[in-house]
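Protein chains in written order, with the numbering used here: chain A, 34 to 853; chain B, 675 to 842.
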Amino acid sequence: MSKTVTLTIDGKQVTVPEGTLIVDAAKKIGVDIPVFCYHPKMQPVGMCRMCLVEVGRPVVDRATGQVVKNEDGTPQIRFAPNLMTACTTPVSEGMVVLTESEKAHDGHRAIIEFLLTSHPLDCPICDKGGECPLQELTMRHGPPQGRFPYEDKIHFEKHFPLGELIYLDRERCILCGRCIRYQAEIVGEPVIGFYQRGRATEIVTYSDPGFDSYFSGNTTDICPVGALTTADFRFGARAWELKAEASICAQCPVGCNIVFNTRREAKSGGRVVIKRVMPRQNEEVNELWICDKGRFVHHYTHSAERLSRPLMRKGETLQPVSWEDALRTAAEKFEAAGKEVLVLASGRLSNEDLFNLKALADGLGGRAVLYGDMGGGDLTTLVGVGQGTNLATLGAGDAILVIASDLQEEAPIWWLRVKQAAERGATLIVANPRATKLDTYASFVIRYANGDEVQTVLNLAKKTDKIGQAFAEAENAVVFFGSEGLGLEGSQRLAVACAHLLRETGHVGKPNNGLIGVWQRANDQGAWELGFEPVADLQAAFEQAGAVYIVGADPFGDGRLTLDGVKERPFLVVQEILPTPTTEVADLVLPAQAYAEREGTYVSGERRVQRFYAALPPYGEARPDFAITAAIGKRLGLDLEDGSAEKVFERLAVTQPAFENLTYARLAEVREQWPIVGRGDLYYGGTAYENRRGLGVQLVPAAQREEPVTLPEVQGEAGPRPEEDEWLGVPVTRLLDRGTTVLLSTLLHRRIGEPFVVVHPMAAERLSLAEGQKARLTVNGASAEVTVRVDETVSAGVVLVPRSMGLPLYEPMKVSLKAL
Amino acid sequence: MSLAEKYPQEVERILAKYPPEHKRSAVMPLLYLAQREEGYITKAAMQDVAQLLEMTETEVAAIIGFYTLYHDKKEGKYRMQVCTDLPCALRGADQFLEELCENLGIQVGETTADGLITLEEVKCLAACDKAPMFQLQSGEGIEYYENMTVDKTMELIEALRKAGKEVE
């Protein structure tokens with residue numbers, strides 16, 4: 034326990050750890066000191082001067098060192114002659130702070146008057162209006178009228194994009210520097226800065242594209258005025274018209290807690306639509322932040338292309354049919370196929386959907402397959418991170434290994450939290466075949482050749498070098514393994530090697546220790562928990578099946594499945610929210626609700642089960658996935674739950690040992706978190722929402738339940754190596770890919786870009802290619818036009834091929850690349 | 675041509691002054707170097723400095739923006755920076771500046787048609803007792819001219835103009 038200090042703020046006594054700032058100590062007892070530049074997640078700078086308070090300290094007799102007492106025995110307090118900034122002044126024993134005195138109020142009034150000398154007061158057209166710290170604090174503390182001439186206000190162009198995602202209004206900016214400090218201190222990407230000085234100061238970006246950071250949207254939440262707004266929400270709605278419903282971001286395995294702000298509007302045909310996505314506080318998951326993909330990718334939910342009615346194939350075309358006909362047909366075809374039913378589902382689905390799908394497959398004796406090309410989920414259920422894991426508590430003495438993953442591209446908020454753990458002193462080991470942005474923060478960077486993944490982990494386990502020793506000796510250790518450069522088999526083997534490393538070094542079965550899969554979809558971990566596994570040869574599984582039920586996946590669009598050369602095609606039922614190349618070839622299409630339209634749960638990569646809630650009304654005739662599956666099951670005589678997601682979860686919790694004793698009510702439990710945000714004081718933490726709908730519960734891995742854990746044997750190599758005179762294409766993951774849902778957010782198009790490949794400069798030279806040049810990539814008979822990028826950290830014989838960019842490469846394989 | 679190619683020895687000499695892990699401390703001398711030839715820092719030179727010091731371009735730009743002796747626009751070959759703070763004004767600096775403007779036919783902040791002189795009004799240059807005074811900034815550095823009159827200044831400008839022509 035660190036030393037504590039007791040002080041009095043506005044007559045209330047409070048005891049806080051030594052070193053606490055007055056502003057935070059006051060917050061703990063509900064005294065709101067006004068701030069603009071201070072933010073509880075950043076270092077104080079005392080720039081805006083809004084937090085002025087009177088500070089008194091006990092008078093100490095220099096001769097005796099004793100506190101001088103008044104006649105009544107109370108300590109004599111001497112107040113500082115000037116007001117002090119509560120955000121930069123740490124508390125001290127016996128301190129007396131006055132935040133509501135006349136003198137303090139004078140200070141607040143004066144600062145507001147100064148801040149408004151050049152603020153346009155255009156609240157009626159400002160996106161921030163209604164949730165604006167400056168507006169709020171002006172009403173509370175400001176003078177009724179300023180004394181400065183109105184004509185002296187500086188005017189700037191209103192429409193000033195910092196990039197295509199974030200707009201700056203320089204007139205409104207009060208130069209608190211929160212955004213600049215956020216980018217420099219928290220993200221480590223100082224791509225915005227102050228330019229000029231005095232009244233001419235403005236915020237600029239010189240990156241290309243402008244404000245080049247995956248975290249840029251967060252600056253609009255912490256901006257205390259309407260200076261930074263998102264292009265997405267600009268003039269979109271007034272804050273007070275918006276409804277807020279809690280959800281979980283479905284874009285990656287981090288499971289960021291979010292809120293969907295929705296509004297019913299004429300512009301959208303009288304429908305309720307998502308106007309913006311906001312972070313919801315969960316200090317153990319995403320703190321107050323979300324990445325720009327999570328913030329801006331929501332547009333697919335109200336795409337005009339959404340599937341709204343069941344469709345059945347009649348000859349060449351798909352025709353609308355009733356749900357009754359659709360469900361009956363599906364049931365008949367599945368019954369006829371019996372054991373030859375293949376259920377292919379993705380980690381885009383909730384646990385409830387997957388549970389019913391597995392029950393359907395099991396009931397028929399068929400197969401349930403997870404759509405994806407990353408293995409190792411069986412190992413994360415055994416030696417995944419222990420219950421109670423919180424990356425924010427890792428620091429000096431602990432170790433983190435990130436292997437085969439470009440964490441910023443695959444799970445941006447994990448990247449942020451791993452970076453911060455490294456800055457707190459954790460030993461960060463980054464092992465990857467090429468350089469990634471995480472290298473900057475690493476204690477050790479291991480650059481292995483493609484194919485050496487397993488060997489790299491085995492070398493660490495030998496503890497012969499200082500890297501292996503550092504990992505073994507760490508008090509706590511977490512391993513993030515991904516699928517950079519690997520297919521299903523390679524990532525599976527890598528996971529096995531990592532699991533052994535963790536167990537041999539005693540880093541399993543406890544909080545802050547264990548294995549985390551950097552999955553490709555939000556609920557891949559949940560799918561593994563419920564018994565889904567990917568298959569190596571999807572095409573063969575498809576061709577052998579009598580009927581195929583594809584849910585939440587687009588294998589035909591991704592080039593994973595083809596009908597070319599298929600003699601006897603199985604009956605194909607596709608359950609989707611949007612038309613895809615897969616629905617185009619389907620015999621029956623069942624329209625599903627988007628996850629924002631219904632309830633459910635996901636399991637994050639850290640194995641936290643989290644609830645999401647219905648933010649939107651259902652679209653057309655679309656139904657929740659679990660209910661569609663249950664309705665088909667009922668027609669097959671199977672006892673599947675279709676009442677509600679909660680009821681499905683009740684069954685799931687009974688049958689799945691890992692989910693024992695979990696209920697929707699437990700998942701909805703909250704505790705008070707620090708910093709306190711999202712209440713009436715948006716000036717303190719920004720517009721991130723307070724968590725009122727559940728912090729979720731982490732599953733207990735087998736190793737922590739003290740069950741015997743049997744790990745598979747480590748197998749040789751993770752993947753092939755490039756041979757002489759050939760090019761080995763390897764898959765890598767990019768945050769902004771060309772997935773169906775991502776492409777519907779037109780705002781992100783420039784950042785998504787065109788399909789590309791990355792090669793070593795020498796390889797480029799051998800192929801007579803240069804950076805930015807067009808080339809033709811041929812993989813497995815399929816070919817596509819790509820733009821060439823050059824990276825000198827890529828291995829010489831390797832061509833990096835991003836996943837979901839329209840290039841069908843899912844495991845390391847030979848490719849050819851020719852200049853166009 | 676990049677900065678390192680243009681001035682290899684000087685770049686090396688500047689970088690050698692700072693420990694490698696604090697090489698960003700070299701940003702200010704490198705920016706002066708970048709400004710030497712053109713009298714302002716081009717976007718390309720800014721990128722060079724950022725790359726050399728492993729900083730973002732925005733960070734380098736912020737420094738150029740903050741300090742008044744770095745310039746980001748092409749203006750006159752010489753920048754004549756006249757102090758008009760109170761003590762200088764008491765010695766007639768504002769009158770001096772006004773007459774100088776008339777003689778040159780430009781306003782404060784503008785550049786003469788031949789691109790030789792940009793006239794600027796600045797705060798204290800710490801030579802109050804020798805006003806009217808100004809400093810002359812060029813790629814070569816900064817020089818002080820004290821106890822000036824408009825006539826003496828016009829002579830100086832004529833000399834600069836001639837010198838420039840002779841070089842050509």
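We treat Cβ as the ideally placed atom computed from N, Cα and C, and that holds for glycine.
Near residue i, which residues of its chain fall below 7 Å by C-beta distance, leaving aside the five closest residues on each side in sequence?
i: A663(A); result: N389, L673, E674 and D675
i: E496(A); result: It is worth fixing the name first, because residue 496(A) is Lys in this sequence and not Glu. Correct list, in chain order: Q502 and A505.
i: R602(A); result: L596
Please confirm if residue i has its CB atom under 9 Å from at least one CB of chain B.
i: F227(A); result: yes
i: R822(A); result: no
i: T426(A); result: no
i: R656(A); result: no
i: R230(A); result: yes
Does the CB of residue i have a neighbour CB from chain A at under 9 Å?
i: T732(B); result: yes
i: A700(B); result: no
i: G813(B); result: no
i: F740(B); result: yes
i: A735(B); result: yes
Residue i and residue j look like a contact to me (Cβ under 8 Å); what is the Cβ gap, rounded to whole Å?
i: A432(A); j: A494(A); result: Going by Cβ atoms, the distance from A432(A) to A494(A) rounds to 13 Å, so no, they are not a contact pair.
i: E705(A); j: Q314(A); result: Not confirmed; about 11 Å, so no contact.
i: Y752(B); j: L790(B); result: 6 Å
i: V823(A); j: P788(A); result: 16 Å between Cβ atoms; not a contact.
i: M75(A); j: I219(A); result: 7 Å
i: S637(A); j: Q558(A); result: 7 Å
i: G830(A); j: L321(A); result: The Cβ separation is near 44 Å, so there is no contact.
i: G250(A); j: T263(A); result: 6 Å
i: E278(A); j: V292(A); result: 7 Å
i: T720(A); j: D254(A); result: 5 Å
i: R699(A); j: V747(A); result: Contact doesn't hold; Cβ gap of about 37 Å is too wide.
Determine, using beta carbons only, whether residue i and residue j come nearer to each other than 9 Å.
i: I110(A); j: G89(A); result: yes
i: E517(A); j: N465(A); result: yes
i: I213(A); j: I199(A); result: no
i: T820(A); j: G805(A); result: yes
i: P176(A); j: R142(A); result: yes
i: V541(A); j: V742(A); result: yes
i: L526(A); j: G417(A); result: In the sequence on display, residue 526(A) carries Arg and not Leu. Their beta carbons are not under 9 Å apart, which means R526(A) does not touch G417(A) by this criterion.
i: L760(B); j: P806(B); result: no
i: A119(A); j: T132(A); result: yes
i: V374(A); j: E750(A); result: no
i: E576(A); j: V402(A); result: no
i: R644(A); j: G727(A); result: yes
i: R609(A); j: V618(A); result: Contrary to the premise, residue 609(A) reads as Glu rather than Arg in this sequence. Contact: no.
i: L842(A); j: N813(A); result: yes
Excluding the five sequence neighbours on either side, which residues of its own chain have a C-beta within less than 6 Å of the C-beta of residue i, listed in chain order?
i: G140(A); result: L85 and L116
i: E204(A); result: P153 and F189
i: G752(A); result: G484, L519, G523 and P845
i: V490(A); result: A530, C531 and L534
i: T39(A); result: T48
i: C206(A); result: A260
i: E223(A); result: Looking at the sequence provided, one finds Pro at residue 223(A) rather than Glu. Within the same chain, P223(A) has close Cβ partners Q216 and A217.
i: A283(A); result: A555 and Y628
Take residue i and list the residues in its own chain whose beta-carbon comes closer than 8 Å to its own, dropping the five residues that flank it on each side.
i: R267(A); result: D160 and Y200
i: V100(A); result: P91, V92, V93, D94, P108, Q109 and G127
Residues within the stretch 705-730 of chain B neighbouring chain A, beta-carbon criterion of under 7 Å: The stretch 705-730 of chain B vs chain A, Cβ under 7 Å: T730.
Closer than 7 Å between beta carbons: that is the criterion. Which residues of the stretch 776-787 of chain B meet it against chain A? Hits within the stretch: zero.
Note down, in chain order, all residues in the stretch 212-224 of chain A with a beta-carbon under 8 Å from any beta-carbon belonging to chain B. Cβ contacts with chain B: E222, P223 and V224.
Counting only Cβ-Cβ distances shorter than 8 Å, please list the residues of the stretch 238-253 of chain A near chain B, keeping chain order. Along the stretch 238-253 of chain A, the positions whose C-beta sits under 8 Å from a C-beta of chain B are T238, Y239 and S240, read in chain order.
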